[in-house]
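Numbering (this note's numbering), first residue to last: 397 to 987. Step one of this worksheet: look at the structure below.
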């Protein structure tokens with residue numbers, strides 16, 4: 397609304413101020429001019445009366461005084477009467493219908509004082525006129541005594557108050573007209589002035605709205621050097637400073653966001669009410685896993701463990717630590733209070749996924765146990781059979797050769813175990829050496845297939861092939877890749893029951909070649925699938941059917957495939973079969 401704007405308020409203020417001043421000034425002027433006209437009329441009558449009295453006291457005849465009174469009456473609308481002691485009197489005009497009766501000057505106590513007490517009298521009142529009509533009129537009467545030729549008398553001059561009121565009325569009209577013109581001029585001037593003053597303010601308001609929208613390049617033009625100009629300069633400086641500070645804040649925010657997004661640890665920020673305000677991707681993964689496990693539909697629900705830690709942090713005002721197991725993964729949560737000066741305004745929780753560390757620790761312990769177990773068996777056998785030979789338990793040469801053969805086989809087994817451990821250690825350390833050659837993958841796969849055909853027949857397992865023709869050669873280490881397929885096919889045959897089927901498949905894809913080893917064996921349980929490529933890991937030792945391996949084969953397979961920039965994966969269903977897939981990408985050469 398107009399009256400709520402600065403222009404309206406300033407315009408109304410100026411107009412009200414000027415109106416009050418003009419009202420006070422008008423009242424004072426009206427009172428002043430009212431007294432002024434009244435006093436001027438009195439003074440005029442007194443002067444005229446003094447003039448006539450002077451004529452009478454200078455021994456001029458009464459006719460001269462009457463003539464003077466007549467001229468005064470013609471010029472100033474004033475009537476005069478001269479009264480002597482002997483009841484002699486003269487009027488200034490012959491028409492006595494609008495004259496005061498002479499008796500009035502003797503009967504009226506105030507007017508009689510002129511002759512009785514020789515005082516100058518000035519009176520206002522409603523007096524009855526001559527003529528018998530009973531007419532009355534408001535008159536200003538001035539009486540002045542005189543002495544002429546030993547006779548005392550009085551000169552009375554009176555004038556209608558309508559003349560004074562008419563002069564006052566004209567003065568009022570002039571004052572009211574001047575006040576009205578002043579009000580109109582003030583209105584126009586005030587509106588013009590306020591619009592000129594507030595125009596920069598309106599521009600600053602528009603610029604501030606642009607700044608509120610984020611446009612910090614908006615500027616206010618500086619047209620004056622007064623306070624408004626200084627305000628415009630300050631506004632422009634503020635906008636520039638805000639732009640710089642906001643840019644710095646955005647950079648800091650982007651940097652913090654990048655840091656949080658790239659962190660391997662999860663970060664959750666809680667406000668003072670315990671509600672989550674900031675989360676990075678690892679923290680979101682933790683919360684989603686918790687909601688999935690707890691079957692919680694509330695997307696804003698705070699995990700119970702974090703809520704409990706938050707309450708302890710607020711209560712104890714110190715860092716708290718907890719471990720949580722969610723969806724088979726182990727998380728360590730460290731929560732620290734956030735302060736607003738001396739008041740806790742929230743907390744920040746750092747979540748670290750310790751699953752790999754715990755797994756590595758377990759694998760390290762299992763590795764030591766497995767190595768000890770794998771070495772203990774052949775060493776025990778070597779020791780036992782050696783003692784049998786030394787103690788001459790084997791009497792015949794055939795028995796001694798049989799014991800020596802067992803000792804030899806166990807030593808070979810120990811040698812293979814040690815060599816595999818050394819190879820695996822070199823591979824994991826990145827010291828694997830590949831002798832790459834351009835290889836026909838189709839011929840290579842068929843050679844491996846023929847190699848295991850006899851072995852499969854010995855185990856009553858059907859070995860089939862689905863080897864597609866590969867149109868180009870790949871740069872691989874044939875011996876290492878043969879070691880990979882040997883391990884996979886041997887495992888498949890050992891874990892497939894009689895009359896089962898093992899299939900070797902080769903197929904070229906757009907960006908590489910894929911080799912599948914599929915069997916119809918006993919399969920691998922779901923809980924063991926993530927660990928089949930770990931060292932010494934055996935999903936079910938009972939499924940080896942007496943031909944237990946070292947548990948290092950699949951670890952070696954994984955390292956060899958990764959050395960070729962490829963990847964190996966496994967899919968299995970319990971009691972239905974297992975498929976190992978090897979994919980070798982890139983580094984291919986055309987014939």
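Using N, Cα and C, we set each Cβ at its ideal position, and we do this for glycine too.
Checklist entry - Per DSSP, what kind of secondary structure is residue 748 in: helix, strand or coil? => result strand
Next on the checklist: Please classify residue 505 as buried or exposed, where buried requires at least 16 other C-beta atoms within 10 Å of its C-beta.
Outcome noted: exposed
Item to check | Residues near residue 974 in its chain [Cβ-Cβ closer than 8 Å; skip 5 each side] | outcome: 888, 891, 914, 915, 917, 919, 920, 966, 967, 968
Checklist entry - Which word fits residue 989, buried or exposed, when buried means at least 16 other C-beta atoms lie within 10 angstroms of its C-beta? => result The question about residue 989 has no answer, for the chain in this structure spans 397 to 987.
Checklist entry - Rounded to a whole number of angstroms, what is the C-alpha to C-alpha distance between residue 774 and residue 761? => result 21 Å
Next on the checklist: Would residue 929 and residue 954 be called neighbours here (beta carbons separated by less than 9 Å)?
Outcome noted: yes
Next on the checklist: Let me confirm a value: residue 876 is counted as buried when at least 16 other C-beta atoms fall within 10 Å, else exposed. Which label applies?
Outcome noted: buried
Checklist entry - What alpha helix (DSSP H) runs, 4 residues minimum, are completely inside the stretch 642-696? => result 677-690
Checklist entry - When DSSP labels each residue in this structure, what does residue 563 get in the three-state scheme? => result helix
Checklist entry - Looking at C-beta atoms only, is the number of pairs between the stretch 736-751 and the stretch 714-728 that lie closer than 8 Å three or more? => result yes
Checklist entry - Shortest alpha-carbon distance to residue 746 belongs to which of 720, 539, 439? => result 720
Item to check | Presumed contact (8 Å Cβ cut-off) between residue 510 and residue 442, rounded CB distance | outcome: Actually they do not touch by this definition, with Cβ atoms about 12 Å apart.
Checklist entry - Is it true that the CB of residue 700 sits closer than 9 Å to the CB of residue 690? => result yes
Checklist entry - Which term fits residue 413, buried or exposed, when burial requires 16 or more other beta carbons within 10 angstroms of its beta carbon? => result exposed
Checklist entry - In angstroms, rounded to a whole number, what distance separates the CA positions of residue 671 and residue 648? => result 24 Å
Next on the checklist: According to DSSP, is residue 525 part of a helix, a strand, or is it coil?
Outcome noted: coil
Checklist entry - Between residue 702 and residue 664, which are expected to be in contact by the criterion C-beta below 8 Å, what is the C-beta distance as a whole number of angstroms? => result 7 Å
Checklist entry - Taking DSSP as the reference, what is the three-state secondary structure of residue 910? => result strand
Item to check | Nearest neighbour of residue 410, chosen from 583, 698, 976 [CA to CA] | outcome: 583
Checklist entry - Does the distance from the C-beta atom of residue 958 to that of residue 903 stay below 9 Å? => result no
Checklist entry - Quick one: what's got a C-beta closer than 8 Å to residue 836's C-beta in the same chain, skipping five residues either side? => result 866, 869
Checklist entry - Taking the C-alpha atoms as reference points, what is the distance between residue 910 and residue 713? => result 58 Å
Item to check | Contact belief for residue 616 with residue 603 at Cβ below 8 Å, rounded distance in angstroms | outcome: 5 Å
Checklist entry - Relative to the C-alpha of residue 551, which residue among 641, 449, 731 is closest? => result 449
Item to check | CA nearest to the CA of residue 426, picked from 798, 561, 668, 522 | outcome: 561
Item to check | Own chain residues within Cβ distance below 7 Å of residue 781, not counting five before or after | outcome: 799, 802, 803
Checklist entry - Which residues does DSSP pair with residue 707 in a beta bridge? => result None, per the DSSP bridge assignment.
Checklist entry - Enumerated in chain order, which unbroken segments of the beta strand (DSSP E) with a length of 3 residues or greater are wholly contained in the stretch 710-746? => result 716-722, 725-736
Next on the checklist: For residue 611 and residue 594, what's the separation of their Cα atoms in angstroms?
Outcome noted: 23 Å
Checklist entry - For residue 986, does the three-state DSSP call read helix, strand or coil? => result With a pLDDT of 39 at residue 986, under the threshold of 50, the predicted position of this residue should be treated as unreliable, and no value is reported.
Next on the checklist: Given this structure, state the Cα-to-Cα distance separating residue 605 from residue 635, to the nearest angstrom.
Outcome noted: 12 Å
Checklist entry - Around the Cβ of residue 576, are there at least 16 other Cβ atoms within 10 angstroms (buried) or fewer (exposed)? => result exposed
Checklist entry - Could you give the distance in angstroms between the alpha-carbon of residue 897 and the alpha-carbon of residue 882? => result 16 Å
Next on the checklist: If you follow the beta strand (DSSP E) that residue 542 is in, where does it begin and where does it stop?
Outcome noted: 532-544
Next on the checklist: Just verifying my parser: in three-state terms, what is the DSSP assignment at residue 963?
Outcome noted: strand
Item to check | Within 9 Å, strictly: CB atoms of residue 496 and residue 535 | outcome: yes
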